[in-house]
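Enquirer: Dropping a structure here in structure tokens format, bear with me for questions.
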Amino acid sequence: MTKPQGEAHHGALRKQTHNAIATMKIVCRQWRPALGNFPGYVRPRARIAVAVMTTVGLLVVSSVTGAETASEAYRRGDFDIALREFEFQANAGDRIAQNNLGVMYLKGRGVDVDYRSARDWFTAAAEQDLAGAMFNLGIMSLRGYGQVPDAKAASQWFGKAAERGDHEAQFFLALQYTRGNGVKQSPQLAERWFEDAANGGLPAAQFNLAMLHLRKNNGEDQQGIAQKWLEAAAGKEHEQARLHLAKLLLRRKNNPSSAEKAAHLMRGLADEGNVESQMQLGLMYTFGHGVEPDPEEGRFWLRQAGLQGHSAAQMNLAAIYAQGIETDQDLIRAYAWLALAADTKAEAVSVKHDIESQLDEHQRTDAEALASELRGIASEFEP
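Spelled out as structure tokens, the structure:
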């Protein structure tokens, strides 16, 4: 493999070309903290999201002629052409083409999947100080592509890329420090790298940094910092950031403006199918918090969440019907919803027995039939 072309030459070319063909996807597992019992609201619990790497693809173009041809070919799925162009440049020592070629071997684009070749090309690019290739090597080590997973090696590669300003690497390194995976656990270093990635505009890092500040204590200073980062991530449509921002706003009692903002966020998420937001919105409409009271609308959203298996929504609906809150008392409906909640929540079992003791034989038969009907409807919802 020949020596790389001059850095000045590469720098000039990079200014004339796009920065990426395809980018790595970071998917954060959505933590769903246990919800508060009826009729209260959820108290946000600060937790660190776990990133799940689905693929490596830090593809960047490297020259005005061949690489543009290769990148366009890759975009339209002409992998044979892209492979030929990237091979030519990679063998000439172009570090970005080497990285791109590594991605093609990793994904099996135009070639059979070959983890060893992918690692070799990423290593060649990393040796020429390409942060993206270092990150890709970190992912290969972490996920065990063609090798036994090696968290220590992954952390080392993430660290090298992070020091060079790669925001995804900073995020993954922060996760490693959070969990003590391949490195000594360090909340301080985790916060440092989350902050660097967050300042780089990475929504997942902004969300995690907010959770770190909420976990520290409930002081106003920490909540203010957390809100800033949640707003930043929410502005990029990060679902969990929007949800936790709404929850944080709901904690500000006797603040109508915050409650209205929370309701707006919850409604948007509920319309998009976020089950937790549907449950919260149901309670907000039931009790007129942040919105005009509308008990029927409240029961609608609680039902939507309940049919999707949300046990807190099921129990809240049961409480509403059992106590006749803003509707007629209906022990049969209360029992049916408790029957669904009892499938997954132990504390619902005893409450269900209490309601059952108040029903006669005919009512119990009707209640069981309704529970069966609700289970049938729930089974039609996509998981």
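In the working numbering, the protein residues as written are 6 to 388.
Yeah, the Cβ is synthetic: ideal placement off N, Cα and C, and Gly gets one too.
1) Around the Cβ of A351, are there at least 16 other Cβ atoms within 10 angstroms (buried) or fewer (exposed)?
2) Can the beta-carbon of A159 be found less than 8 Å from the beta-carbon of L147?
3) Quick test of the definition: if touching needs 3 or more C-beta pairs under 8 Å, does the segment 221-241 touch the segment 258-266?
4) Using alpha carbons as the reference points, say which of G273, A174, D134, E77 lies closest to M145.
5) Quick check on the DSSP output: the alpha helix (DSSP H) that includes V356 runs from which residue to which?
6) In angstroms, rounded to a whole number, what distance separates the CA positions of A202 and L217?
7) On a CA-only basis, which of L235, G187, A275 is nearest L307? Give me that one, please.
8) I need the DSSP call for Q368, collapsed to helix, strand or coil.
9) Report the three-state DSSP secondary structure of G412 (helix, strand or coil).
10) Nearer than 7 Å: is that true of the beta carbon of T74 relative to any heavy atom of the ligand NAP?
11) With a threshold of 6 Å on Cβ separation, who are the neighbours of N186 within its own chain once the five nearest residues in sequence on each side are excluded?
12) In chain order, what residues of the same chain have a beta carbon less than 7 Å from the beta carbon of A310, not counting five sequence neighbours either side?
13) Whole angstroms are fine: how far does the CA of L250 sit from the CA of D171?
14) L219 to A167, Cα distance in whole Å?
15) Using the Cα positions of N141 and L343, report the straight-line distance between them to the nearest angstrom.
16) Taking its Cβ as the centre, do 16 or more other Cβ atoms sit within 10 Å of K189, making it buried, or is it exposed?
Expert: Taking the geometry as given:
1) For the purposes of this step, residue 351 is identified with residue 346 of the sequence shown, where counting begins at 1. Residue environment: A351 is assigned as exposed (fewer than 16 neighbouring CB atoms within 10 Å of its CB, all protein chains considered).
2) Mapped onto the sequence shown, residue 159 falls at position 154. Mapped onto the sequence shown, residue 147 falls at position 142. Yes.
3) The segment 221-241 makes no contact with the segment 258-266; the number of CB pairs closer than 8 Å stays below 3.
4) In the sequence shown, the residue the question calls residue 145 occupies position 140. Nearest C-alpha to M145: A174.
5) Mapped onto the sequence shown, residue 356 falls at position 351. Looking at the DSSP string, the run of the alpha helix (DSSP H) that includes V356 is 352-361.
6) By one-based count along the sequence shown, residue 202 stands at place 197. By one-based count along the sequence shown, residue 217 stands at place 212. Whole-angstrom Cα-Cα distance: 14 Å.
7) The residue labelled residue 307 in the question sits at position 302 within the sequence shown. Closest by C-alpha distance to L307, out of L235, G187, A275, is A275.
8) Taking the sequence shown and counting its residues from 1, the one referred to as residue 368 is at position 363. Assignment of Q368 by DSSP, reduced to helix, strand and coil, places it in the helix class.
9) Any answer about residue 412 is impossible in this case: the structure gives the chain only from 6 up to 388.
10) Looking for the ligand NAP in the displayed structure turns up nothing, as the structure carries no ligands at all.
11) For this step, residue 186 is matched to residue 181 along the sequence shown. A156.
12) Working through the sequence shown from its first residue, we reach residue 310 at position 305. The answer, listed in chain order, is V280, Q283, M284, G287, A318.
13) Against the sequence shown, residue 171 aligns to sequence position 166. Against the sequence shown, residue 250 aligns to sequence position 245. One C-alpha to the other measures close to 27 Å.
14) To locate residue 219, count along the sequence shown from 1; it is residue 214. To locate residue 167, count along the sequence shown from 1; it is residue 162. Each residue's Cα considered, the two are about 25 Å apart.
15) Sequence index remark: in the sequence shown, residue 141 carries index 136 (1-based). Sequence index remark: in the sequence shown, residue 343 carries index 338 (1-based). C-alpha separation (whole angstroms): 49 Å.
16) On the sequence shown, position 184 is the one that residue 189 refers to. Answer is exposed; the Cβ neighbour count stays below 16.
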